[in-house]
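Note sheet for the following structure.
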Amino acid sequence: MPSRWRPSAPCSASTRPRRRRKKVPDILFLLQKDRNGWPVSLAAPFPESCDEANWLANEEKFGCTLALSGQTAKTIVPVGSIEFVNQYLSQMGLGPMEAMNIPPELEQEQFLGRRIFRDVSKTELSRLRAEFGPLLLKPGRHPKRFEAIPHEERLLGEIPDNELLFVSQMIQSQFASEWRVFVSRGRVMDIRPYFMEHWLAPDAAVVHDMADTLREHPALALDVAVLLEGGRTVAIECHPFIACGLYGFEGPKMVSMARDAWLGELRRQKSHLLGHK
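Once you know that position 142 of the sequence shown is 142 in UniProt numbering, the rest is easy, because the numbers rise by one and skip nothing.
This is the structure in structure tokens:
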């Protein structure tokens with residue numbers, strides 16, 4: 001019986017297998033490095049989380065890099081400190097990030113349990129203190145320009161004179177616990193504790209109601225506290241999901257939220273620029 005085997009012909013240029021070109025990711029996260037060349041803590045969860053997201057999608061949707069030399073992507077997202085992100089925005093010809101504090105949608109007594117005041121100058125503080133009691137001061141426009149401080153005359157020198165303030169009444173009850181809630185378009189994606197005097201979880205119904213009011217925001221972190229007296233759940237503040245502490249939150253939801261928050265920031269700045277033309 002004649003053999004079925006035939007010697008294989010040499011591959012021509014047209015038949016030779018081609019090496020598959022690596023797909024350019026849709027999103028490339030530019031990770032901030034520390035002095036030793038490693039990703040900073042805010043950026044450290046991203047490489048493995050991107051790998052997991054790509055595996056689940058069965059395609060190269062996300063990538064990470066520590067430097068942009070020769071690398072391209074449809075969208076580049078900086079991940080690191082506020083200063084790192086603002087520097088990248090400046091290189092794009094855009095302004096710095098803005099403080100979120102308490103978005104207007106969340107300004108409801110049922111969520112806050114206190115009065116808040118926006119765009120307050122230093123000269124107005126004495127009047128507010130006399131009328132509303134002890135106050136907590138935060139930057140009104142530039143996040144982390146200074147840390148939150150109580151209203152005390154000896155501390156006012158730490159506040160730049162040109163910084164409008166976000167001011168709230170001090171909550172009189174101690175906090176039993178504080179939690180960071182990760183919210184995507186009004187839905188709770190995850191929740192992580194970051195301060196724990198007692199193990200008291202926030203009221204789930206209240207947290208979901210808070211999240212629902214924030215559904216116009218693509219991605220953010222909502223900090224809530226459980227009060228020691230009475231166990232009430234109150235909103236402390238919100239942060240864009242950019243340069244945001246994760247407290248163990250990671251995985252595909254995290255990288256999708258980081259993408260959405262960055263694209264939302266670019267839309268906000270574009271809208272702001274168009275409004276000033």
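Cβ atoms here follow ideal geometry from the backbone N, Cα and C, with glycine treated the same way.
It should be emphasised that the depicted structure is a prediction, and the values quoted were computed from it without experimental measurement.
As assigned by DSSP and simplified to three states, the class of residue i
| i | result |
| --- | --- |
| PHE46 | helix |
| ARG127 | helix |
| LEU106 | helix |
| ARG18 | The pLDDT assigned to ARG18 is 45, lower than 50, so where the model puts this residue is not dependable; a value taken from the coordinates is nonetheless given after this. If DSSP states are grouped into helix, strand and coil, ARG18 belongs with coil. |
| LEU263 | helix |
| LEU31 | strand |
Within 7 Å, strictly: CB atoms of residue i and residue j
| i | j | result |
| --- | --- | --- |
| GLY264 | PRO218 | yes |
| ALA221 | PHE241 | yes |
| PRO103 | CYS238 | yes |
| LEU89 | LEU66 | no |
| GLY251 | GLU52 | yes |
| PRO143 | TRP179 | no |
| ALA57 | VAL79 | no |
| ASP190 | PHE117 | no |
| ALA235 | LEU68 | no |
| PHE29 | VAL77 | yes |
For residue j and residue i, the rounded distance between their alpha carbons
| i | j | result |
| --- | --- | --- |
| ARG114 | HIS151 | 16 Å |
| SER184 | MET257 | 7 Å |
| ALA261 | PHE146 | 23 Å |
| CYS244 | SER81 | 8 Å |
| LYS61 | THR75 | 11 Å |
| MET210 | GLY95 | 29 Å |
| SER168 | VAL206 | 20 Å |
| ASP161 | GLN172 | 28 Å |
| LEU91 | PHE132 | Note that residue 91 is Gln in the sequence shown, not Leu. If I take the Cα positions, the gap works out to 43 Å. |
| LEU125 | TRP38 | 43 Å |
| ILE27 | GLN269 | 19 Å |
| ARG192 | MET100 | 20 Å |
| HIS198 | GLU229 | 12 Å |
| LEU155 | PHE166 | 16 Å |
| THR72 | ARG259 | 16 Å |
| GLY93 | VAL24 | 25 Å |
Cutoff 6 Å; reference residue i; Cβ partners in own chain excluding five residues on either side
| i | result |
| --- | --- |
| ARG129 | LEU135 and HIS151 |
| MET196 | SER177 |
| CYS50 | PHE62, CYS64 and VAL255 |
| ASP119 | GLY140 and LEU164 |
| LYS33 | LEU66 |
| SER40 | One detail in the question is off: residue 40 reads as Val in this sequence, not Ser. Closer than 6 Å at the Cβ level, and outside the excluded window around VAL40, lie GLN32, ASP34 and GLY80. |
| residue 361 | Given a span of 1 to 277 for the chain in the structure shown, any question on residue 361 remains unanswerable. |
| THR233 | PRO202, ASP203, VAL206, VAL224 and VAL226 |
Cβ-based neighbour list, residue i, same chain, cut-off 8 Å, excluding 5 preceding and 5 following
| i | result |
| --- | --- |
| LEU214 | PRO103, GLU105, LEU106, VAL183, GLY186, LEU220, LEU222 and CYS238 |
| ALA148 | LEU136, LEU137 and LYS138 |
| LYS253 | PHE182, SER184, MET189 and ASP190 |
Contact set for residue i: own chain, Cβ-Cβ below 7 Å, skip 5 residues either direction
| i | result |
| --- | --- |
| ASN54 | GLU60, LYS61 and PHE62 |
Minimum length 3: unbroken beta strand (DSSP E) runs contained in the region 35 to 88: 62 to 65 and 75 to 79
Every unbroken alpha helix (DSSP H) inside the UniProt domain "ATP-grasp" (118 to 251) [4 residues or more]: 125 to 132 and 204 to 213
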